[in-house]
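Trainee:
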Amino acid sequence: MSEDNSWVFDSLVCFLHGPIWNAPLQTFIEEKSLIFDPNEKQDESNPEFITIHNEYKNLVDFMLGSFMDEMQITPEKFEEACLEGRNHTGTSSGLTFHQGLFQQIWAANDIRIFIRMMTQRNVELQLQALDLIERRQNSQPTGESDVKEFSEQGGTSVSVITDIKP
C-alpha cells in the first residue's frame, strides 16, 4: 500500500472499531433485525427489507461522509485506500484486512449481504434471550421450596394480598 494512502486505511479501521461508528450501527441493527426471521425465506424484493436497507444505507453514507469530511479524505482516496487494503491481505506488509468490519459497509451496497447480516443478528439475539431465560429459570426456586422459603421469611398469604392492594 502506498504511504500516501496507508493513513487513510488505518484511520478508517480505527473509526470502524470506535464507538462513534459502532453505537448507532449496532442500535440500528438490533432494533431492525427482528423482522429478519431465519425460518422464513429471505426475499430481496420484500418491501420491508428494501425500506430497512435504504435506511441502513443512509445511516452508513452519513457516518462515512462525516468521517471523510472530518479527516478531509476525498471519495477517490477513500476508495483507493480500501481497495489497496483489500488487495494486500496476508502480504509481508503486515496489513491485516478486517473483513468483519467492512462487511457493515458492504451491506449498505449489497442487499444480500445486508439480509444475511440482519438474519444473523436476529439469531444471535434469539440465542441471547433463550440463554437469559434459561439462567433465570435455573436461579429461581420452584414449587415446594418457594412456599417453604416464603414461610421461613415470616410471610403469610394475607400479608401478600394486602401488600398488593392499592
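For the sequence shown, the UniProt record's numbering assigns the number 1 to the initial residue and increments by one for each residue that follows. Backbone N, C-alpha and C define an ideal beta-carbon position, used for all residues, glycine too. Owing to the predicted nature of the structure, the values given are computational and were not obtained by experimental measurement.
Could you tell me whether the region 39-49 touches the region 132-139, where touching means 3 or more Cβ pairs closer than 8 Å?
Mentor: With the cut-off at 8 Å, the region 39-49 and the region 132-139 do not touch.
Trainee: Buried or exposed for Leu-130, going by 16 or more other Cβ atoms inside 10 Å?
Mentor: By the neighbour-count rule (16 or more Cβ atoms within 10 Å), Leu-130 is not buried but exposed.
Trainee: Taking the alpha-carbon of Thr-119 as reference, which of Glu-31, Glu-80, Val-60 and Leu-83 has the nearest alpha-carbon?
Mentor: The residue with the shortest Cα to Cα distance from Thr-119 is Glu-31.
Trainee: What is the DSSP secondary structure of Gly-65, counted as helix, strand or coil?
Mentor: Gly-65: helix per DSSP, three-state reduction.
Trainee: Closer than 8 Å by C-beta to Ile-113: which residues in its own chain qualify, once you throw out the five before and the five after it? Chain order, please.
Mentor: Cβ neighbours of Ile-113 beyond the five flanking positions: Gln-103, Trp-106 and Ala-107.
Trainee: Out of curiosity, what's the CA-to-CA distance linking residue 187 and Ile-29?
Mentor: Since the first residue of the chain shown is 1 and the last is 166, residue 187 is not available in this structure.
Trainee: Run through DSSP, which three-state label would Ser-33 get?
Mentor: Correct three-state label for Ser-33: helix.
Trainee: Determine the extent of the alpha helix (DSSP H) in which Ile-111 is found, giving its start and end residues.
Mentor: Residues 111-139.
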